[in-house]
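*Asks:*
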Amino acid sequence: MYSEKVMDHFQHPRNVGEIENASGVGTVGNAKCGDIMRIYLDIDENQIVRDVKFKTFGCGAAVATSSMATELVKGKSIQEAMEVTNKAVMEALDGLPPVKVHCSLLAEEAIHAALWDYATKNGITIEGLEKPKSDIHEGEEDEEEEY
Numbered sequence: 119m120y121s122e123k124v125m126d127h128f129q130h131p132r133n134v135g136e137i138e139n140a141s142g143v144g145t146v147g148n149a150k151c152g153d154i155m156r157i158y159l160d161i162d163e164n165q166i167v168r169d170v171k172f173k174t175f176g177c178g179a180a181v182a183t184s185s186m187a188t189e190l191v192k193g194k195s196i197q198e199a200m201e202v203t204n205k206a207v208m209e210a211l212d213g214l215p216p217v218k219v220h221c222s223l224l225a226e227e228a229i230h231a232a233l234w235d236y237a238t239k240n241g242i243t244i245e246g247l248e249k250p251k252s253d254i255h256e257g258e259e260d261e262e263e264e265y
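My numbering puts the first residue of the sequence shown at 119, with every later residue one more than the last.
Spelled out as structure tokens, the structure:
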């Protein structure tokens with residue numbers, strides 16, 4: 119059901135924790151399943167993600183996608199971090215079961231929310247960045263999902 123990479127990132131998550139005085143912090147959730155993901159970014163004067171940490175409350179797939187997302191943005195420029203999509207996270211983990219795809223969406227949105235926080239604090243605009251949602255289902259019609 120889960121790839122070896124998903125299991126590895128779940129059992130041995132990378133970059134867990136908080137960054138005090140983070141450059142940007144992004145928190146998103148999924149009201150339908152109860153997952154909450156928070157990503158902390160430490161961005162240097164050259165707009166490079168120097169450090170990244172996460173705290174996630176959720177299932178194993180949510181932990182694994184958080185862990186992989188932090189690995190994908192660490193050491194990258196802000197623009198490169200913007201390019202980390204849910205698809206990129208899933209591919210890096212060798213896939214996710216269809217009912218867990220929303221976890222990779224949380225990871226993408228949490229990165230964007232942290233970048234939005236950074237941009238707001240620094241009075242800058244990041245090309246392609248839109249105001250993040252606090253819940254990944256915000257603005258959708260109520261649909262019944264099966265878990």
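Don't be surprised by glycine CBs; every beta carbon is placed ideally from N, CA and C.
Since the model is a prediction, treat every value here as computed from it, not as a measurement.
#1: What residues match up with Asp169 in a beta bridge as DSSP calls it?
#2: For Asn148, which residues does DSSP report across the bridge?
#3: Under the three-state reduction of DSSP, which class applies to Gly178: helix, strand or coil?
#4: Mapping the DSSP letters down to three states, classify Ser184 as helix, strand or coil.
#5: For Cys221 and Ser252, what's the separation of their Cα atoms in angstroms?
#6: In whole angstroms, give me the CA-to-CA distance for Leu236 and Tyr158.
#7: So what's Ser121 in DSSP terms, helix, strand or just coil?
*Replies:* According to the structure data:
#1: Note: Asp169 sits in a beta bridge opposite Asp160.
#2: By DSSP's assignment, Asn148 forms a beta bridge with Asp153.
#3: If DSSP states are grouped into helix, strand and coil, Gly178 belongs with the helices.
#4: Helix.
#5: In a straight line, the C-alpha of Cys221 is about 14 angstroms away from that of Ser252.
#6: Sequence check: residue 236 is Tyr here, not Leu. The straight-line gap from Cα to Cα measures roughly 10 angstroms.
#7: Coil, per DSSP.
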